[in-house]
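A short worksheet on the structure shown next.
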Amino acid sequence: MKKTLVVFAHPYLEHSNSNVELINFYVRHQHFTLRDLYEDYPDFHIAAFRERKRLKSYDRFIFQFPIIWFGMPPLLRLWIDEVFDRNWLTEGEHNPLEGKEVYILVTTGGKERSFSKTGTYKYTVEELISGLIVSLNVFKANIKHIKIVYEANKLTKKEIILHKKEFTELLNQ
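Start counting the sequence shown at 1; every next residue gets the next number (the UniProt record's numbering).
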């Protein structure tokens with residue numbers, strides 16, 4: 001099994017049953033290392049050098065977060081800005097993301113039809129998280145799958161378990 005770093009960012013985790021269920025899965029499996037950005041950096045002071053060093057020792061990455069006011073959580077956005085600094089590539093350092101598998105798991109309270117060109121918001125979730133996608137592409141990461149869980153706050157326990165099963169099956173392919 002691939003050694004996997006989970007970069008998790010949720011400012012209101014206590015209100016998210018669906019995210020908690022997946023976190024419990026990561027914690028129970030030794031091949032996953034969970035990094036909760038809101039727990040690690042409550043003061044928003046990112047240790048970018050330490051984060052870059054950490055990235056080098058993983059085979060695969062998962063970015064998991066909710067849509068917050070039509071974008072990524074602010075701490076994740078800051079983490080990307082500071083850790084994925086373009087100068088990192090020009091310093092002659094090995095690119096730790098090049099060719100590595102990346103999975104993105106996004107939860108949202110909105111309906112799927114709302115996140116479309118003709119929907120309420122006129123933008124897709126992929127467009128709203130394009131900063132992460134472009135950053136990963138610049139670093140030549142291999143984005144394997146983007147899973148979006150719509151209406152996450154309305155899911156039953158059974159539906160949450162089904163989403164978790166589907167996601168873990170993606171990881172095992």
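All C-beta atoms in this analysis are idealised placements derived from N, C-alpha and C, irrespective of residue type, glycine included.
Let me confirm a value: residue i is counted as buried when at least 16 other C-beta atoms fall within 10 Å, else exposed. Which label applies?
i    : result
L162 : exposed
T108 : buried
E51  : buried
How about residue i and residue j: do their beta carbons lie closer than 9 angstroms?
i    : j    : result
F61  : L105 : no
L128 : F115 : yes
L55  : L22  : no
Y150 : K111 : yes
Y103 : L171 : yes
D85  : A47  : no
To the nearest whole angstrom, what separates the beta carbons of residue i and residue j, a pair I think is in contact under 8 angstroms?
i   : j    : result
M1  : H45  : With 8 angstroms as the limit, M1 and H45 do not qualify as a contact, their Cβ atoms being about 33 angstroms apart.
L78 : L136 : Actually they do not touch by this definition, with Cβ atoms about 16 angstroms apart.
List the endpoints of the continuous beta strand (DSSP E) containing residue i.
i    : result
E101 : 101-107
T118 : Note, T118: premise wrong, no beta strand (DSSP E); not H, not E.
F61  : 60-66
I146 : 142-149
Under DSSP, the alpha helix (DSSP H) around residue i begins and ends at which residues?
i           : result
residue 196 : The structure shown has nothing for residue 196, since the chain only spans 1 to 173.
P11         : Taken as a continuous stretch (DSSP letters only), P11 belongs to no alpha helix (DSSP H), as it is neither H nor E.
Q | At least three beta-carbon pairs within less than 8 angstroms, the region 64-81 to the region 1-12 | A | yes
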